[in-house]
Amino acid sequence: MRPPNAIDFWRGVALVMIFINHIPGMDYSILTMRNYAISDAAELFVFLAGCSLAFVVNGRSEKKTLSHSVSRLLLRAFEIWQAQIVTISVAVAMLGAAALYFNDPLFLEWHGAGPAFVDTVRASIGMVLLTYQIGYFNILPLYVVLLLIATVAVVIARASIWLALAASITLYAATLTLQLRLPSWPAEGAWFFNPLSWQLLIVLGYVAMTVKREHPRAEEFLKRAWPWATALMLFGTAVVWVDYRPDPMAVPFPQYLFLFDKEYLSPARIVSMLAIAIAFYPAFPLLSRRIGPVVRYCSRLGRNSLAVFCMASLLALGGQIARYLGQPTLLFDTAIVVIGLVVLGVTAWIAEFRSSSA
Amino acid sequence: MDRRIPVVFGLACALVAGTHLDEARANSPSRLPAAIPLAAPAVPPPVQPARRPMIRADLPDASVECKVKSPSYEGRSALRSVRRALLQKRPVRVVALGSSSTVGVGASSPLASYPVRLENDLEGVIEGLSVEMFPRGQSGEVAEGAAERLKAEVAELKPDLIVWQVGTNDAVARIDSEDFGQQLRETLAWLASHNIDVVLIDPQYVERLSKDARYVSIVNEIATVASEMRVLLVNRFDSMADLARQHPGTSYLSSDRFHLNDLGYRCMAEYATRAIVSGILQADAENGAGH
């Protein structure tokens, strides 16, 4: 078990925020990033996935061989694919069970679950192909494709890390300009998160960590950039607080370049994420000294992010069902959050126990 | 809001004030169509046709199985953009937006029944009408997040009409009805400012929730906002309640009650068709005034 570090800690924080955001309507969502920044916990999670990718590829002490890196990434993509199929299956079963037990057919239509019950033939194929996603269970399919794209980026980076970044930016720009999408099926439409644009964020995380390690002047750059990044971050907060969003009809083409669009990950969201990363870069050592137990808790979540993410998604669905059946009050929501945080901690502990004893 | 720091607020206000002023102007009620009473009879009386109507269509009768006592839709708004598309002899671009029930296309998919049926019903009723249907789900998104996505999609698809199943996700998430209503108003005003016609469809009737104050308050809020914003509203909740009374049973998930749910969708397409036809006839009766 590795000791707490900044990436694991912030990843744990992102997981807690994702858990809370996935239960819409709770007052506790006021504590999450989306109320203070143009980007939200999903961006943080993906950016940090890119940062940790750098360790997989570059190793903690010495650089790994290309075949080692590629096989690790492909294996990870396969693991996440499995995790998605398990979680979406459990989610569909939860909705089905709730519909039967409470005699309420509305459950069968929650979050786009309808095809799983009414069009099972197509939905079961789509589930395996990741083209059938239901609401709030759409981050892992994104993650699978991101890892596949990141594998290509890692291969290119062997020639030059800047070439990998350039290729990633080119794909991003083409996606926004030509409005490229991965189609969803059997439901008509597109993936909730467009992997062709979101890949830039994971590549940026990977490039940032690699450059930071290989260039001695990186620390100095981060120090110099800190005030600017902090100002930019605060500006983003102000924009969110005045509830400003560009009007899609008023911006020039290509519109997604100028919006705060989540599907396409508009540039404003990326800039916001990078500013936050730089602004909060010095925070981890301070937090470790001040709030050690919280740092240890979040780092444990972050170290076991896949197991915790799956559990958080299912717990959030359980929380949604509980709120729908009951009459939610602040106390009710507090109970959901507390139980959720305890179960996530236990999940991480079990996952860690399992991996350390294996 | 209490969490907002006045200084930052003021600074940011100053930075974006220009855009907001523009938005406020665009959303002002003066840009909306003229006042229309809330409850409409099933067949709207035409508003003094100034010239001979240019569109040939009859308001279809509801099929026997979809006949309900309550009015299947409310409002008497003119769907001017749809009429314009018809007169220009180009396909009417329709986005069928809403919860999972709208997704799925392809005539062989069981879930296709609602958008495909709506498309077929409309084309069958109005002479010369061709519909280009874009079914779009809003999987699990409450109005707040959905509004952003809706705007982006509207800017991309440029529809003439949105048939919007609204409120189910918000009702399920127990969102406060006033917050929900405010968001809905804002989105409808935005759509009106871009001359996009709208027909709203309120949430499903669920027996278990028929006396649930929060669920019903969302249904009522939609009726209030629709009337205020002069938007046609399909009364799915009331109509399904009528249908449920006509098909009594103990379990929603027994095969006959499940059929009722399916019937609900088929009837919804009929009701939406009636609402849309009435909106087109209204626009024709007004002879496209204002466009």
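Order-wise, the sequence lines are chains A and B.
The numbers in this note's numbering rise by one with no breaks, and the one at position 80 of the first sequence is 80.
Add 358 to the 1-based position in the second sequence for this note's numbering, that's all there is to it.
Virtual Cβ for every residue (Gly too), placed ideally from N, Cα, C.
Hey, residue 622/B and residue 580/B: beta-carbon distance below 9 Å or not? no
Contact criterion: CB-CB distance below 9 Å. Does residue 492/B meet it with respect to chain A? yes
Along chain B, in chain order, which residues have C-beta atoms closer than 7 Å to that of residue 245/A? 506
CA-CA distance, residue 201/A and residue 214/A? 20 Å
I'd like to know whether the C-beta of residue 260/A is nearer than 9 Å to at least one C-beta of chain B. yes
Per the DSSP calculation, residue 493/B is bridged to which residue(s)? According to DSSP, residue pairing for residue 493/B in a beta bridge involves 454/B.
What residue does the alpha helix (DSSP H) around residue 8/A start on, and which one ends it? Run containing residue 8/A: 6-21, per the alpha helix (DSSP H) assignment.
Are any of the Cβ atoms in chain B nearer than 9 Å to that of residue 359/A? Because chain A is modelled from 1 through 358, residue 359/A falls outside the range shown and cannot be assessed.
Beta-carbon of residue 102/A versus every beta-carbon of chain E: anything under 9 Å? Of the protein chains in the structure, A and B, none is chain E.
How close, in whole Å, do the beta carbons of residue 270/A and residue 225/A come, if the pair is a contact with beta carbons under 8 Å? Not quite, the Cβ-Cβ distance comes to about 15 Å (not below 8 Å), so this is no contact.
Euclidean distance between Cα positions of residue 401/B and residue 263/A: The predicted position of residue 401/B is uncertain, since its pLDDT is 49 and thus under 50; a value taken from the coordinates is nonetheless stated next. Each residue's alpha carbon lies about 42 Å from the other.
For residue 559/B, the first and last residue of its enclosing beta strand (DSSP E): 555-559
If we ignore side chains and look at the alpha-carbon of each, how far apart do residue 562/B and residue 43/A end up? Straight-line Cα distance between these residues: approximately 34 Å.
What residue from 573/B, 558/B, 421/B, 443/B has the CA that sits closest to residue 641/B's CA? Residue nearest to residue 641/B within the set 573/B, 558/B, 421/B, 443/B is 443/B (criterion: CA-CA distance).
Under the rule that 16 or more other beta-carbon atoms within 10 Å means buried, what is residue 338/A, buried or exposed? exposed
Just how far apart, CA to CA, sit residue 596/B and residue 491/B? In a straight line, the C-alpha of residue 596/B is about 26 Å away from that of residue 491/B.
Taking the alpha carbon of residue 515/B as the reference point, which residue from 553/B, 428/B, 571/B, 452/B has its own alpha carbon closest? 452/B
Any chance you could list the alpha helix (DSSP H) runs of at least 4 consecutive residues sitting entirely within the stretch 63-151 of chain A, in chain order? With a minimum length of 4 residues, the unbroken runs of alpha helix (DSSP H) contained wholly in the stretch 63-151 of chain A fall at 66-101, 114-118, 120-129.
If distances are taken between C-alpha atoms only, which option among 27/A, 268/A, 18/A, 10/A comes closest to residue 370/A? Absent from the model: residue 370/A. The displayed extent of chain A is 1 to 358, so no value can be given.
Among residues of its own chain, excluding the 5 on either side of residue 79/A, which ones have a beta-carbon nearer than 8 Å to its beta-carbon? 306, listed in sequence order.
Express the C-alpha separation of residue 634/B and residue 293/A in angstroms, rounding to a whole number. Between the C-alpha atoms of residue 293/A and residue 634/B there is a straight-line separation of about 60 Å.
To the nearest whole angstrom, what separates the beta carbons of residue 266/A and residue 257/A, a pair I think is in contact under 8 Å? At roughly 7 Å, the Cβ-Cβ gap stays under 8 Å, so residue 266/A and residue 257/A are in contact.
Using a Cβ-Cβ cutoff of less than 7 Å, which residues in the same chain neighbour residue 288/A once the five nearest sequence positions on both sides are dropped? The answer, listed in chain order, is 4, 295.
Out of 89/A, 131/A, 81/A, point me to the one whose CA is closest to residue 187/A's CA. 131/A
Would you grab the beta carbon distance between residue 197/A and residue 190/A for me? Rounded to a whole angstrom, and I think it's under 8 Å. The pair is not a contact, with the Cβ atoms about 11 Å apart (cut-off 8 Å).
Look at residue 556/B and residue 583/B and say whether their C-beta atoms are less than 9 Å apart. no
Measuring only between beta-carbons, confirm whether residue 249/A sits less than 9 Å from chain B. yes
Would you mind reading off the limits of the alpha helix (DSSP H) that contains residue 576/B? 571-586
Please report the residue range of the beta strand (DSSP E) in which residue 519/B lies. 519-523 is the span of the beta strand (DSSP E), which, as asked, contains residue 519/B.
What did DSSP end up calling residue 388/B once you bin it into helix, strand or coil? For residue 388/B, the pLDDT reaches just 36, beneath the cut-off of 50, and the residue's location in the model is therefore unreliable, leaving the point undetermined.
Close Cβ partners of residue 487/B (< 7 Å) along its chain, the five nearest in sequence each way excluded: 444, 450, 480, 481
Apart from the five residues just before and just after residue 573/B, which ones in its own chain have a Cβ nearer than 7 Å to its Cβ? Answer for residue 573/B: 529, 567, listed in chain order.
Are the beta-carbon atoms of residue 45/A and residue 18/A separated by less than 9 Å? yes
Between the beta-carbon of residue 179/A and the beta-carbon of residue 246/A, is there less than 9 Å? Their beta carbons are not under 9 Å apart, which means residue 179/A does not touch residue 246/A by this criterion.
What residue range is occupied by the uninterrupted alpha helix (DSSP H) comprising residue 426/B? Residue 426/B: not part of any alpha helix (DSSP H); DSSP gives it neither H nor E.
Alpha-carbon spacing of residue 96/A relative to residue 319/A, whole angstroms: 16 Å
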